Structures are given as C-alpha cells and as structure tokens.
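Enquirer:
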Amino acid sequence: MSHQDSPQSSVRSGNGDRTEDTKARTPLREENVESEGPIDPREDMMALAAIYQGISEETLLQLGEKKTAKEAWDALKVMNLGAKRVKEVEVQALRWELESMKMEDSESIDEFNGIISTVVNKLQALGETVDEKYVVKKLLRSVSSKYLQIASTIKEFGDLSIKTIEKVTGSLKAHEERLRRYDSKGDEHVLLAKGEWKARAESSRSNEKCQQDTSGGRGRGCGRGHSKGRGGGRGRGRGSLGTS
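Each residue of the sequence shown is one higher than the last, beginning at 1 in UniProt numbering.
(1) Let me know the secondary structure DSSP gives Ile55 once reduced to three states.
(2) Should the region 113-125 be called in touch with the region 77-88, which here means at least 3 C-beta pairs below 8 Å?
(3) Which value, in whole angstroms, describes the spacing of the CA atoms of Ser161 and Lys138?
(4) In terms of residue numbering, what span does the alpha helix (DSSP H) encompassing Ala103 cover?
(5) Quick one: using the 10 Å Cβ neighbour count with 16 as the cut-off for buried, is Val89 buried or exposed?
(6) Determine the DSSP secondary structure at Lys163, reduced to helix, strand or coil.
(7) Between the region 157-174 and the region 123-130, do at least 3 Cβ pairs fall closer than 8 Å?
(8) Kindly indicate the opening and closing residues of the alpha helix (DSSP H) around Gly127.
(9) Terminal residues of the continuous alpha helix (DSSP H) containing Lys137?
(10) To the nearest angstrom, how far is the alpha carbon of Tyr147 from that of Thr59?
(11) Can you list, in chain order, the residues of its chain with a C-beta nearer than 8 Å to that of residue 301? Leave out the 5 residues immediately preceding and following it.
(12) So for Gly158, helix, strand or coil by DSSP?
(13) Measure how close the beta-carbons of residue 246 and Ile116 come, nearest whole angstrom, since I'm counting them as under 8 Å.
(14) On the CB-based measure, 16 or more other CB atoms within 10 Å of its CB, does Ser56 come out buried or exposed?
(15) So, is Val168 buried or exposed, given that buried needs 16 or more other C-beta atoms within 10 angstroms?
(16) Since I believe Thr68 is in contact with Asp44 (beta carbons under 8 Å), could you give me their beta-carbon distance rounded to a whole number of angstroms?
(17) So, helix, strand or coil for Gly64, using DSSP?
(18) Give the secondary structure of Ser145 by DSSP, where H, G and I count as helix, E and B as strand, and everything else as coil.
(19) Leaving out five residues on either side along the sequence, give the residues of the same chain with a beta carbon under 7 Å from the beta carbon of Val91.
(20) Using a threshold of 7 Å, state whether the C-beta atoms of Met103 and Ser152 are closer than that.
(21) To the nearest angstrom, report how far apart Ala49 and Glu71 are at their CA atoms.
(22) Out of curiosity, what's the CA-to-CA distance linking Glu65 and Leu98?
(23) With distance defined between alpha-carbon atoms, name the residue in Asn113, Ile150, Ser142 nearest to Leu179.
(24) Are the CB atoms of Leu63 and Ala75 within a distance shorter than 7 Å?
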C-alpha cells in the first residue's frame with residue numbers, strides 16, 4: 001500500500017471521488033468492523049480509511065495510532081457515548097436553570113427576557129426544541145411582584161396558545177413604563193408629604209415644650225398667645241379677693 005493510500009493521508013488529501021466511494025461502502029465496513037470472524041487485512045484497511053474519512057482531524061488525533069478498524073470503531077463508540085452523556089447533563093442543567101429562573105426586582109423586562117433567551121438559545125444549539133408557548137408561560141409566571149397584576153390579566157383574558165413572546169414582552173414593557181411614570185409622580189407626593197409631616201412634628205414638639213413649661217411654673221411665655229385664658233385667670237383672682 002503506497003503512502004497516498006494510507007488512512008491518515010486520505011483524510012488530508014480531500015479527494016472527492018475517494019470520499020464518495022468510501023461513504024458508499026461505510027455500512028458494509030461497519031458490519032465488517034463489528035464482525036468477530038477472520039479479518040481480511042485489505043478490507044480492514046479500507047474500513048479504517050472509511051472511519052478516518054468521516055471524522056474531524058481533532059477526533060483523528062484523539063484516536064491515536066489505532067492499528068485496526070475495530071480498535072478505531074470501539075474508541076469512537078466510547079468517545080461518542082461520553083459526548084452524549086455530557087450533552088444530556090448539560091441539557092438537564094439548562095432545563096433546570098430555565099425552570100427555576102425568577103425575575104429580580106431590580107431587573108427590567110428586557111433584561112429578564114434576555115436572560116431567558118440566552119438559555120433557550122443554548123438549548124436549541126444542543127439540538128433541543130423549546131416551545132414558544134412554554135417560554136411565554138415561563139415569562140409570565142416568573143416576573144417580579146410589581147408585574148403580577150398585568151401577568152394575571154394576560155393569562156386570564158389572553159389566549160396564550162397564540163401569544164408570541166414579542167407580544168407578551170410588549171405588554172409587560174408598556175406596564176413597566178406606566179409604573180415608571182407613576183413612580184416619578186409619586187416621588188413628588190412623597191417629598192410633599194414629608195414636608196407636611198416635618199411641619200407637624202415641629203409643631204407637636206413646640207406644644208409639648210409649652211406644656212412642660214406650664215407645668216413647671218413657667219407659663220407666662222407659653223400663654224402669651226392665649227389672651228382669653230390669661231384675662232380669665234386675673235378676673236377670677238380679683239373676685240376671690242374682694243369676696244374675702
């Protein structure tokens with residue numbers, strides 16, 4: 001067998017005719033690879049060439065110097081089994097992450113929707129199908145408390161089977177904008193209310209101080225604003241003296 005016909009060189013040569021020929025024979029070669037009977041060296045070499053022809057150079061390097069097609073095939077099965085298990089674990093982890101995801105109070109609708117989309121895209125890249133209806137329901141049941149009312153309205157009066165993620169996100173963002181406008185006005189009312197409460201507190205402290213001064217015998221300064229009370233006190237005093 002010449003150097004040009006070796007399995008390793010056939011991977012690098014990129015010969016189109018040889019590739020199609022080996023692909024056509026691959027099922028037969030796989031059967032021969034699995035066979036436990038006597039192995040024809042030429043057939044085995046052709047099967048090995050077919051295996052090398054259908055894998056990447058990175059995988060070829062991982063196979064090392066396998067001398068027979070069966071050795072190469074067994075190694076590939078182990079590698080593929082490991083890759084499959086890794087994929088299953090990764091899919092399971094992403095599914096759990098998506099299901100347990102909750103929106104933080106500090107997050108906006110766009111931010112939370114972006115996090116969901118990132119996980120969905122990773123699942124799809126692994127070959128998983130993620131139904132849009134599931135994503136819509138997931139978004140609605142995972143929003144923070146300030147969106148619960150609008151989320152309940154969408155679920156109660158909207159047909160979720162025909163709702164797209166774009167429409168639901170649009171409704172939530174409209175509600176978000178209303179909340180933002182309300183909060184900005186609410187801040188003004190809060191500031192006004194704080195001023196009123198401050199004035200009341202100062203007035204209350206002043207009255208308490210006045211009452212304390214009165215009970216301690218220092219009522220002249222406190223009673224200046226109450227002329228009626230002061231006059232009444234004097235009249236009662238004179239009348240009492242005259243009677244005696």
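Where is the CB? At the ideal position from N, CA and C, for every residue including glycine. Every value quoted in this text rests on a predicted model; they were computed, and no experiment measured them.
Expert: Well, looking at it:
(1) coil
(2) no
(3) 13 Å
(4) The sequence as given places Met at residue 103; Ala does not occur at that position. Counting along the chain, Met103 falls outside any alpha helix (DSSP H), and DSSP gives it neither H nor E.
(5) It is exposed - the Cβ of Val89 has fewer than 16 other Cβ atoms within 10 Å.
(6) Lys163: coil per DSSP, three-state reduction.
(7) no
(8) Unbroken run through Gly127: none, as it is neither H nor E.
(9) 132-142
(10) 50 Å
(11) No answer is possible for residue 301: the residues shown for the chain start at 1 and end at 244.
(12) Three-state DSSP puts Gly158 in coil, outside helix and strand.
(13) Past the edges of the chain, shown from 1 to 244, lies residue 246, and the structure says nothing about it.
(14) exposed
(15) buried
(16) 6 Å
(17) coil
(18) helix
(19) Leu123, Leu126, Glu128
(20) no
(21) 13 Å
(22) 43 Å
(23) Ile150
(24) It is a contact, given that the beta carbons lie within the stated cut-off.
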